[in-house]
């Protein structure tokens with residue numbers, strides 16, 4: 003009976019509300035804006051990045067990479083909540099959520115430095131596609147850059163009290179680049195770069 007009641011309660015939750023059929027959406031702690039509003043673009047792009055990072059986590063073959071990506075997803079949820087809150091209701095946000103700060107940025111920087119010591123970066127450009135895991139991480143990296151641009155637009159409109167979000171997203175893109183290289187650290191360099199191996203100067207012309 004208890005299980006039945008739980009299922010019954012869940013079945014009463016509406017997945018669709020129809021409240022957004024006219025092109026508006028509700029914000030956290032109240033207020034409504036257009037689905038094309040700069041704020042909606044900012045937290046929507048962040049949501050896209052969270053999903054892309056989740057796909058990368060699912061495709062990664064490295065346990066440490068998976069752990070880092072999961073922690074990043076949790077922090078990106080914090081960012082999404084802040085971006086989805088009108089500045090007039092920011093006091094409600096601070097009562098219920100932790101927000102991104104310089105400690106979160108410092109953690110990303112420490113991880114980037116650590117990975118930089120563990121990975122040999124090639125001297126030439128890297129064409130994504132060496133493995134499913136690294137390719138997905140690179141997709142997440144580019145989507146994070148999109149989210150960063152949308153957040154900058156929000157800042158330019160005077161709607162971003164916490165500029166640490168911009169800094170975090172900037173560092174996160176760098177971290178994702180390094181995680182993709184770390185994912186492929188045991189692959190031959192020509193596979194990592196997508197470039198043919200350099201010919202030996204002594205054999206050229208033979």
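In the working numbering, the protein residues as written are 3 to 208. Using N, Cα and C, we set each Cβ at its ideal position, and we do this for glycine too.
| Asked | Found |
| --- | --- |
| Any idea what DSSP makes of residue 121, helix, strand or coil? | coil |
| Helix, strand or coil for residue 159 per DSSP? | coil |
| So, at 8 Å on beta carbons, what are the nonlocal neighbours of residue 172 in its own chain, with the 5 sequence-adjacent residues on each side left out? | 150 |
| In chain order, what residues of the same chain have a beta carbon less than 7 Å from the beta carbon of residue 191, not counting five sequence neighbours either side? | 124 |
| Using DSSP with H/G/I as helix, E/B as strand and the rest coil, what is residue 62? | coil |
| Closest Cβ-Cβ distance between residue 158 and chain B: below 8 Å? | In the structure shown, chain B does not exist; there is a single protein chain. |
| With residue 189 and residue 132 assumed to form a contact (beta carbons below 8 Å), what rounded beta-carbon distance in angstroms separates them? | 6 Å |
| Using 8 Å as the threshold, is the C-beta distance between residue 114 and residue 168 below it? | no |
| Could you spell out the range, first to last residue, of the alpha helix (DSSP H) harbouring residue 2? | The requested residue 2 is not part of the displayed model; the chain covers only 3 to 208. |
| For the region 28-40 against the region 91-105, are there 3 or more C-beta pairs whose distance is under 8 Å? | yes |
| If contacts are defined as beta-carbon pairs under 8 Å, then residue 39 and residue 145 qualify, I think. What distance do you get, rounded to the angstrom? | No, residue 39 and residue 145 are not in contact; Cβ-Cβ is about 20 Å, not under 8 Å. |
| Assuming contact is defined by CB atoms lying nearer than 8 Å, are residue 166 and residue 107 in contact in what I supplied? | yes |
| Ends of the beta strand (DSSP E) at residue 27? | 26-28 |
| I think residue 185 touches residue 53, with their Cβ atoms under 8 Å apart; what is that distance to the nearest whole Å? | With 8 Å as the limit, residue 185 and residue 53 do not qualify as a contact, their Cβ atoms being about 19 Å apart. |
| Just curious, the alpha helix (DSSP H) that residue 195 is in, first and last residue? | 191-195 |
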